[in-house]
Structures are given as structure tokens and as C-alpha cells.
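Asks: As they're listed, the protein sequences go chains A and B.
Position one of the first sequence corresponds to residue 0 (numbering that gives the first Met the number 0), numbered consecutively onward.
Position one of the second sequence corresponds to residue 0 (numbering that gives the first Met the number 0), numbered consecutively onward.
Even glycine gets a Cβ: it sits at the ideal position worked out from N, Cα and C.
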Amino acid sequence: MTTLIELERITKTYSSEKSTTQALGEISLRVATSEVVVLMGPSGAGKSTLLGIASLMIRPTSGKVTILGRDVAQLGESGRDRVRGESFGLIPQSPRLFADLTAVQNVEVASLNVSRANAREAVERVGLEHRVDHRAGLLSGGEQQRLSLARALVNRPSVIVADEPTSGLDDHNAVQLCTLLRELADDGAAVVIATHDARVLPYVTRQIDIISAGAR
Amino acid sequence: MRSLTLARYLTRPHLRRYRTALAITAITLGLVAYALVAIADQSANAANRADGLASPALRTIEIESFGANDDPRPLTISEVESLSHKEGVTGSAVFDVVQVAPISPNPEGVFDTIVVGVAPRYLPIQPPLKSGKEPAGPQEVVLPVALAESAGLGVGDTLTVEHIVVSDSGDREGVDLELAVVGLFDDQVKGLDDALTIYSTTDTVVGLLADESGKPASWVEERHVFPRAFLTVEELKDVDGTVGALRTEGFGATSVTTLLAGASPTLRFLDALAPVVWVIAGAMTVALAWSIATSIMTSRRPEVGALRAIGWRRAEVRSSFAMQMATLGLMVGVTAAALFLVLAAVLAVLSGIQEGGLLAWAPGPSAAWAISALSLPLLASVAFALASLPIVERLARMPADAVLRDTRE
Ligand SMILES: Nc1ncnc2c1ncn2[C@@H]1O[C@H](COP(=O)(O)OP(=O)(O)OP(=O)(O)O)[C@@H](O)[C@H]1O
Ligand SMILES: [Mg+2]
């Protein structure tokens with residue numbers, strides 16, 4: 000078990016000219032290989048914010064972020080993009096696929112140095128072998144979410160990050176997706192899920208409750 | 000290169016989605032390119048035609064003895080000849096009219112009461128010949144067609160006139176003089192002289208002047224002050240400068256162009272039209288490229304947000320979408336070039352079929368065809384890429400964490 004993500008005493012305050020919002024109180028988090036960690040909490044608690052900080056999309060207001068043993072405070076914008084592209088696989092709440100590209104094309108453009116064969120493999124891995132050359136816009140919601148997972152795993156990331164991955168999915172599709180995430184963890188990836196959906200709980204190793212910073 | 004791959008994959012759907020706007024742009028560009036080539040062709044034609052801008056009359060300046068200064072500069076043959084050695088001057092002539100009375104042919108008595116003038120021949124400002132040749136030797140003249148007809152004269156005939164000679168004793172008497180008719184000129188074309196003027200060589204006119212004044216020809220050349228002279232410069236643009244220079248030298252000078260007001264309003268209109276057409280076509284291309292780019296960038300925001308979240312760098316988003324816009328522009332340009340060539344070829348063939356007909360203006364094949372066909376794709380491509388630059392930039396600046404804030408659309 001190697002620690003892949005290490006967040007120490009993280010806080011995040013969004014401030015604009017008009018208002019400041021404390022999205023996260025002080026929070027620490029460690030995620031290691033083969034773990035499925037779920038961040039639970041009510042809406043607005045800061046789950047997505049924490050996920051964004053862990054995947055280098057958001058800079059914390061204070062605290063230390065160590066990814067794969069490396070302090071990322073010094074990294075610039077494109078350096079963070081590169082680390083995220085190489086070591087992370089992201090599943091957004093809404094898949095945001097190119098509707099007029101095929102399933103395999105969507106996966107192919109996702110990551111650097113991905114061959115057509117790699118992309119096809121990833122699509123098959125999520126059980127969409129019969130949809131490889133279908134246009135993404137014609138796939139069902141559950142299929143689109145799995146394609147989003149294929150797009151996240153095609154570059155064999157060390158960490159999979161998912162924001163509300165089961166929202167809008169029926170039980171069958173939700174179970175299918177959680178099973179796939181669990182399999183990836185069993186293969187050695189670290190998985191972090193932000194959700195308030197209790198259906199993911201059977202598949203997780205650890206649950207972290209996020210309490211709204213404003214509520215404290 | 001995933002940015003190139005994405006550009007490749009998205010080009011076809013974008014072509015399909017925006018085909019109407021793209022087709023309109025291509026058709027406009029093709030038509031405009033053709034219009035510009037046709038206009039340029041018309042201008043070039045007019046500028047090269049002797050009865051158009053290439054006419055030496057437009058480059059001719061009338062000179063008089065009295066300039067802006069108090070003391071007149073005498074307009075003698077030697078003075079004018081010194082002027083004609085100036086840079087850009089292609090020819091000059093002094094001008095005086097010697098009155099003579101034709102006495103042949105009688106018995107009809109046609110010429111009984113008329114007097115005609117003999118003036119030096121200077122082609123730039125005088126009507127062209129209808130038949131015969133220009134006067135070259137002594138006593139050779141060309142007559143207006145109407146005068147020759149009424150007198151029953153033709154090329155090769157002799158016209159006998161009476162003119163005044165001052166004898167050694169100082170008496171003025173009429174003397175018969177035989178002039179050889181070597182040509183007839185078109186009196187329907189308006190020149191600067193009276194209808195009853197016949198033309199001869201400068202030497203002949205000088206000889207007549209010498210006879211009238213009782214002085215030798217050399218005296219006339221040195222001393223006789225002619226009422227006016229003409230000077231023709233090489234290029235139209237030199238006219239104003241030369242007029243100014245002549246005035247400072249003490250002559251009176253007027254450009255003949257100013258006498259022929261509105262030499263070619265149509266042509267000037269066409270010349271002014273070309274840049275306007277250019278600007279309109281350019282603005283339309285840019286506006287269409289802008290609106291297509293805006294539509295693409297707005298509709299692709301969610302997808303690009305996902306790409307940013309999974310590690311696409313801003314530069315990659317920028318280059319991918321700039322490539323897409325340049326490719327769309329290229330397609331528009333290629334279509335426009337094809338349309339241009341088809342249109343140009345069809346109209347050129349049609350204008351050849353019905354000589355002088357409705358389509359006589361259609362330009363034939365020229366280097367302009369090749370230039371248009373090659374530059375349209377390039378220009379359209381660059382215009383599309385540049386016009387969409389700010390919009391592509393806005394897309395590229397999308398933050399990576401935007402995906403965390405949206406819900407399923
Ligand atoms: N970019 C931002 N600018 C300003 N405020 C923000 C921004 N992003 C998030 N917030 C605020 O921070 C708080 C936490 O937001 P976050 O999206 O992390 O919550 P969440 O737990 O994911 O909620 P949900 O379950 O509804 O997705 C919210 O109050 C939100 O309004
Ligand atoms: Mg959230």
C-alpha cells in the first residue's frame with residue numbers, strides 16, 4: 000500500500016469582490032493504492048471542492064498537497080494539467096462526451112499517446128464492446144457514464160476521481176459502475192468518489208464525512 | 000497529437016452542421032473574386048485603349064505666352080523645342096493658323112467666299128485620318144472629309160489656294176499656291192480647331208508665315224511668337240507637375256484633360272468600387288467566421304470542460320480549435336475558388352460565342368484566374384483562423400474545475 004494522495008490541513012475559501020465563501024474547513028486526507036474512498040456529505044459541503052483539490056484542478060487556500068510523493072505547490076497551470084493527464088482519471092458528474100464522435104473516438108482524444116487499439120480496449124473493459132463505433136450521443140445514460148469511465152482509465156491512471164458518478168443512473172447501472180470502480184481499485188488504482196448516494200457504500204473501503212464548513 | 004486528432008474528428012460534423020453559412024460565404028467569395036477580376040479587366044482595357052485613358056490627348060498640355068508673371072515668355076519654335084527636351088515629354092508643336100482662300104476647283108465657285116486656316120499637324124489633339132497619309136513633305140495637306148466632299152477633292156488631288164505674300168518692295172499681293180492633298184481626316188471627331196482648318200507640316204506653315212511677313216524662314220523660327228503650343232507628356236500622372244513647372248517658367252499652361260471634364264466617370268467609379276467590394280467581402284467573411292466560431296465554441300464548452308479536467312492543456316485546446324476554424328476556412332476558400340473558375344470559364348466561353356453580345360465584357364483567361372484560385376483558399380483560411388482567435392482563446396481559458404460545478408444537461 001503506497002500513499003498516492005496526501006492532503007494536509009486543507010482549507011478553501013472562494014472569494015470574489017462581492018462575497019467570500021468558505022467551502023472547506025480544515026481537512027486532511029490520505030488515499031493509498033487499492034483503496035476506494037468515498038467523500039460523503041450534504042449538498043454544498045465541499046465534496047467536489049475537495050475532489051478538485053486532490054486532482055489538481057483547484058488550488059487550496061492553505062494546506063499541503065502531495066501527489067505520488069511530490070509536493071505540487073510549485074507546479075504551474077500546465078504542470079498541473081500534465082500531472083492530472085498522466086496520473087489521474089476523472090469521471091465528471093455529467094459525462095460531457097462529444098455526441099457526434101463515436102465511443103472509441105471519444106476515448107481516443109482523451110489522453111496523450113493513446114492508440115486506436117488502446118482506446119478500443121478501454122471501451123471493451125467497461126462492457127461497451129458492442130457500442131465501439133456508435134456515436135456517443137446515441138448511447139444510453141448508463142452507457143455514457145461507463146464510456147466516461149473508459150475515457151478516465153485509458154491512460155492507466157494511478158488515481159481515479161469521480162464526482163457524483165451515479166447521479167441519474169438507475170440501480171442496475173449504478174451497480175455496474177461501482178463494480179467497475181471496485182475492480183480498478185483491486186487492480187491497484189486509488190479511487191476517490193464524491194457523492195451523497197448511499198448505493199456506492201457497499202463498494203468502498205473508507206468513508207469520509209464532510210461537514211459543511213459554514214455549519215461549524 | 001490529440002489536438003490534431005480531435006480537429007480531424009470534429010471537422011466533418013462541423014462542416015455538416017454549418018454547411019449553409021459556409022456555402023453562403025463560399026458563394027459570396029467566389030462571386031466577389033470574379034467581380035474583382037472583371038473590374039480589374041475593364042480598368043486595364045480602358046487604360047490601354049487609345050480612345051480611353053491611353054489617349055495622348057489626356058496627357059497634352061496647352062501652352063501660351065502669358066503666364067503668371069508680368070513679362071510674357073515668347074512662344075517661339077526654339078523655345079518650345081527646348082521644352083520638348085524635358086524629362087517625360089514625348090512631343091510638342093507650335094500652333095498658328097495661316098488664312099488662305101481656296102480658288103480651285105472653280106467653275107462651281109464653291110470656294111468663292113470661304114477662307115480656311117492652315118495649321119501644323121499634331122496628332123494627339125487632332126482627329127485621326129480616314130484615308131491617305133499624314134502630311135510629311137512641303138505643301139502636303141490633309142483635309143476634313145466634309146470639305147473635300149463639297150469640293151470634289153480626294154487623296155492625290157491638288158488644292159489651289161490664294162495666300163498673301165509680301166514682296167521685296169513691301170507690297171502685299173495674293174499669290175496662287177498649289178497644295179497636295181495626301182489625306183482626309185475624320186471631321187466627325189471633335190478636335191480643338193475650327194471645322195475649316197486643314198493641316199500641314201510645321202515647315203509648310205512656317206513657310207507661309209515667312210511669305211506673309213516678308214521675312215526668311217529662319218527669322219520665323221527664331222522670332223515669330225506663336226499664339227499657342229502643345230506638349231505631350233509620357234504619363235498621365237506627370238501632367239499636373241508639368242503644368243506647374245511651365246507656369247513657374249513664365250508660360251500659361253492648361254491641361255487638356257481639364258478641358259474634357261469627366262473623361263471617364265464609369266471607369267473612375269469602377270476603380271473606386273474595387274476596394275469597396277473587397278472590404279465588404281472581407282467583412283462578411285470575418286463576420287460569418289466569427290458567428291460560426293461563436294456557435295462552435297458555445298456548443299463545445301461542456302466537452303472542452305471535460306477535456307480540460309482530464310488533462311488537456313490550454314495550448315492544446317487553442318491549437319485544436321484554431322486548426323478546425325482554419326480547415327473550415329480552407330474548405331470555404333477551395334469551394335469559392337472552384338466556383339470562381341467554373342463561373343469565369345463559362346462566361347468566357349459564352350462571351351466568345353456571341354461576339355460583342357451581352358457578355359462581351361467577360362474577361363478571358365489570365366494570370367488573375369490562377370492568382371484568385373490559389374489565393375482564395377489561403378485568404379479564407381487565414382480569415383477564419385484570425386476572426387475566431389478571440390473566441391477560441393476564451394474557450395481555451397476555460398478553467399479545469401468547471402466540470403465540478405455543473406449538473407447533467
Ligand atoms: N468557484 C466557486 N466560487 C465560489 N463559490 C464556490 C465555487 N465552487 C464552489 N463554491 C461554493 O463552495 C461550496 C462547496 O461547493 P462544492 O461544489 O464543493 O459542494 P458539494 O459538496 O460538491 O455540493 P453538491 O453535493 O451540491 O455537489 C458551496 O457553497 C459552493 O457554493
Ligand atoms: Mg459536488
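Tell me which residues of the segment 97 to 111 of chain A have at least one Cβ-Cβ distance to chain B shorter than 8 Å, keeping chain order.
Replies: F97, D99, L100, Q104, E107, V108, A109, S110, L111
Asks: Assuming B/L235 and B/L82 make a contact with CB atoms under 8 Å, what is their CB distance in whole Å?
Replies: Residue mapping note: residue 235 of chain B aligns to position 236 of the second sequence, counting from 1. Residue mapping note: residue 82 of chain B aligns to position 83 of the second sequence, counting from 1. With a Cβ gap of about 19 Å, B/L235 and B/L82 do not count as contacting.
Asks: Identify every residue that forms a DSSP beta bridge with A/M39.
Replies: What you label residue 39 of chain A is simply residue 40 of the first sequence in a count that begins at 1. A/D208.
Asks: Per the contact definition of three or more C-beta pairs closer than 8 Å, is the segment 83 to 95 of chain B in contact with the segment 119 to 127 of chain B?
Replies: yes
Asks: Which of helix, strand or coil does DSSP assign to B/T201?
Replies: Numbered from 1 along the second sequence, position 202 holds the residue referred to as residue 201 of chain B. Note: B/T201 maps to helix in three-state DSSP.
Asks: Using a Cβ-Cβ cutoff of 7 Å, what residues of the segment 277 to 308 of chain B are near chain A? List them in chain order.
Replies: P301, E302, G304, A305, A308
Asks: Is there a Cβ from chain B that is less than 9 Å from the Cβ of A/V73?
Replies: Locating residue 73 of chain A in the first sequence gives position 74, where the first residue counts as 1. Before going further, note that residue 73 of chain A is Gln rather than Val in the sequence given. For A/Q73, the answer is no, since every Cβ of chain B falls outside 9 Å of its Cβ.
Asks: Helix, strand or coil for B/Y17? Go by DSSP, reduced to three states.
Replies: In the second sequence, residue 17 of chain B corresponds to position 18, counting from 1. Coil, per DSSP.
Asks: Measuring CB to CB, does B/R58 end up less than 9 Å from B/E233?
Replies: Sequence index remark: in the second sequence, residue 58 of chain B carries index 59 (1-based). Sequence index remark: in the second sequence, residue 233 of chain B carries index 234 (1-based). Yes. Within cutoff.
Asks: Is B/V219 near B/I76, with beta carbons less than 9 Å apart?
Replies: Residue numbering aside, residue 219 of chain B sits at position 220 when the second sequence is read from its first letter. Residue numbering aside, residue 76 of chain B sits at position 77 when the second sequence is read from its first letter. Cβ distance < 9 Å, so B/V219 and B/I76 count as in contact.
Asks: Under the three-state reduction of DSSP, which class applies to B/F320: helix, strand or coil?
Replies: Here residue 320 of chain B refers to the residue found at position 321 when the second sequence is read from its first residue. Helix.
Asks: Using the rule of at least 16 other Cβ atoms within 10 Å of the residue's Cβ for burial, across every protein chain shown, is B/W360 buried or exposed?
Replies: If you number the second sequence from 1, residue 360 of chain B lands on position 361. Counting Cβ neighbours within 10 Å, B/W360 comes out exposed, since fewer than 16 surround it.
Asks: Closest Cβ-Cβ distance between A/D162 and chain B: below 9 Å?
Replies: Start at 1 with the first residue of the first sequence, and residue 162 of chain A comes out as number 163. Output row for A/D162: interface = yes.
Asks: Using only Cβ atoms and a threshold of 5 Å, which residues come within that distance of a heavy atom of ligand 1? Order them by chain position.
Replies: A/Y13, A/T20, A/A22, A/S42, A/G43, A/A44, A/G45, A/K46, A/S47, A/T48
Asks: Is B/A262 close to chain A, meaning its C-beta is less than 9 Å from at least one C-beta of that chain?
Replies: Position 263 of the second sequence, counted from the first residue, corresponds to residue 262 of chain B. Because B/A262 sits at a pLDDT of 47, beneath the cut-off of 50, its placement in the model cannot be relied upon, and the point is left open.
Asks: Indicate whether A/A98 and A/V153 have their beta-carbon atoms separated by less than 9 Å.
Replies: By one-based count along the first sequence, residue 98 of chain A stands at place 99. By one-based count along the first sequence, residue 153 of chain A stands at place 154. With respect to A/V153, A/A98 sits apart: the two C-beta atoms are not nearer than 9 Å.
Asks: Check whether the Cβ of B/A399 sits closer than 8 Å to any heavy atom of ligand 2, and report yes or no.
Replies: Numbered from its first residue, the second sequence carries residue 399 of chain B at position 400. False, no ligand heavy atom lies under 8 Å from that Cβ.
Asks: Do B/L403 and ligand 2 come close, with the Cβ less than 8 Å from some heavy atom?
Replies: Along the second sequence, one-based indexing puts residue 403 of chain B at 404. Yes, the beta carbon of B/L403 sits closer than 8 Å to at least one heavy atom of ligand 2.
Asks: By the 10 Å Cβ neighbour count, where 16 or more other Cβ atoms means buried, how is A/I9 classified, buried or exposed?
Replies: Position 10 of the first sequence holds residue 9 of chain A. Label assigned to A/I9: buried.
Asks: Roughly how many angstroms lie between the CA atoms of B/A321 and A/A151, to the nearest whole one?
Replies: Walking along the second sequence from the start, residue 321 of chain B turns up at place 322. Walking along the first sequence from the start, residue 151 of chain A turns up at place 152. For B/A321 and A/A151, the gap between their C-alpha atoms comes out near 26 Å.
Asks: If B/D210 and B/V164 are in contact, beta carbons under 8 Å, what's the gap, nearest whole angstrom?
Replies: On the second sequence, position 211 is the one that residue 210 of chain B refers to. On the second sequence, position 165 is the one that residue 164 of chain B refers to. About 4 Å separates the two Cβ atoms, so the contact holds.
Asks: Below 8 Å, can you find three or more Cβ-Cβ pairs linking the segment 34 to 49 of chain A to the segment 173 to 190 of chain A?
Replies: yes
Asks: By how many angstroms is the C-alpha of B/A379 removed from the C-alpha of B/P12?
Replies: In the second sequence, residue 12 of chain B corresponds to position 13, counting from 1. In the second sequence, residue 379 of chain B corresponds to position 380, counting from 1. Their backbone Cα atoms lie some 20 Å apart in a straight line.
Asks: Who are the neighbours of A/L91 on chain B, taking C-beta pairs under 7 Å?
Replies: As a first step, residue 91 of chain A must be located in the first sequence, where it is residue number 92. In the sequence under discussion, the amino acid at residue 91 of chain A is Pro, which differs from the Leu named in the question. Chain B residues near A/P91: A305, A308, V402.
Asks: Between B/R393 and chain A, is the shortest Cβ-Cβ distance under 9 Å, so that the two count as touching?
Replies: As a first step, residue 393 of chain B is located in the second sequence; it is residue number 394 there, counting from the start. Chain A, which has no Cβ nearer than 9 Å to the Cβ of B/R393, makes this no.
Asks: What are the partner residues of B/H223, as DSSP defines its beta bridges?
Replies: One-based indexing of the second sequence puts residue 223 of chain B at position 224. DSSP lists no beta-bridge partner residue for B/H223.
Asks: With a threshold of 8 Å (Cβ to nearest heavy atom), would A/D162 be considered close to ligand 2?
Replies: Taking the first residue of the first sequence as position 1, residue 162 of chain A is located at position 163. In this structure, the C-beta of A/D162 approaches ligand 2 to less than 8 Å from one of its heavy atoms.
Asks: Note down, in chain order, every chain B residue with its Cβ under 8 Å from the Cβ of A/L50.
Replies: Taking the first residue of the first sequence as position 1, residue 50 of chain A is located at position 51. Result: L403.
Asks: If you draw a straight line from the alpha carbon of B/A262 to that of B/G213, how long is it in whole angstroms?
Replies: Indexing the second sequence from 1 puts residue 262 of chain B at position 263. Indexing the second sequence from 1 puts residue 213 of chain B at position 214. Summary for B/A262: the model assigns pLDDT 47, below 50, so the residue's position carries little reliability; its value from the coordinates is reported in the next sentence. If you take the alpha carbons of B/A262 and B/G213, they lie about 44 Å apart.
Asks: Counting only C-beta atoms, is B/Y17 closer than 9 Å to chain A at any point?
Replies: Residue mapping note: residue 17 of chain B aligns to position 18 of the second sequence, counting from 1. Answer no: the Cβ-Cβ gap between B/Y17 and chain A never drops below 9 Å.
Asks: Below 9 Å on C-beta distance, what does A/A151 contact in chain B?
Replies: Counted from its first residue, the first sequence places residue 151 of chain A at position 152. Those are I309, listed as they occur along chain B.
Asks: Roughly how many whole angstroms lie between the Cα atoms of B/Q323 and B/L9?
Replies: Translated into positions along the second sequence, residue 323 of chain B becomes position 324. Translated into positions along the second sequence, residue 9 of chain B becomes position 10. In a straight line, the C-alpha of B/Q323 is about 8 Å away from that of B/L9.
Asks: Identify, in the order they occur along the chain, each residue of the same chain with its Cβ nearer than 6 Å to the Cβ of B/E392, setting aside the five sequence neighbours on each side.
Replies: Your numbering for residue 392 of chain B matches position 393 in the second sequence. The answer is none, since no qualifying residue turns up.
Asks: Is B/A305 near ligand 2, in the sense that its beta carbon is under 8 Å from a heavy atom of that ligand?
Replies: Mapped onto the second sequence, residue 305 of chain B falls at position 306. Checking the Cβ of B/A305 against ligand 2 gives no.
Asks: Using a C-beta cutoff of 9 Å, does B/L9 count as contacting chain A?
Replies: The sequence position of residue 9 of chain B within the second sequence is 10, counting from 1. Closer than 9 Å to some Cβ of chain A, the Cβ of B/L9 qualifies, so yes.
Asks: Would you mind telling me which residues of chain A sit closer than 7 Å to B/L5, beta carbon to beta carbon, in chain order?
Replies: On the second sequence, position 6 is the one that residue 5 of chain B refers to. The answer, in chain order, is V108.
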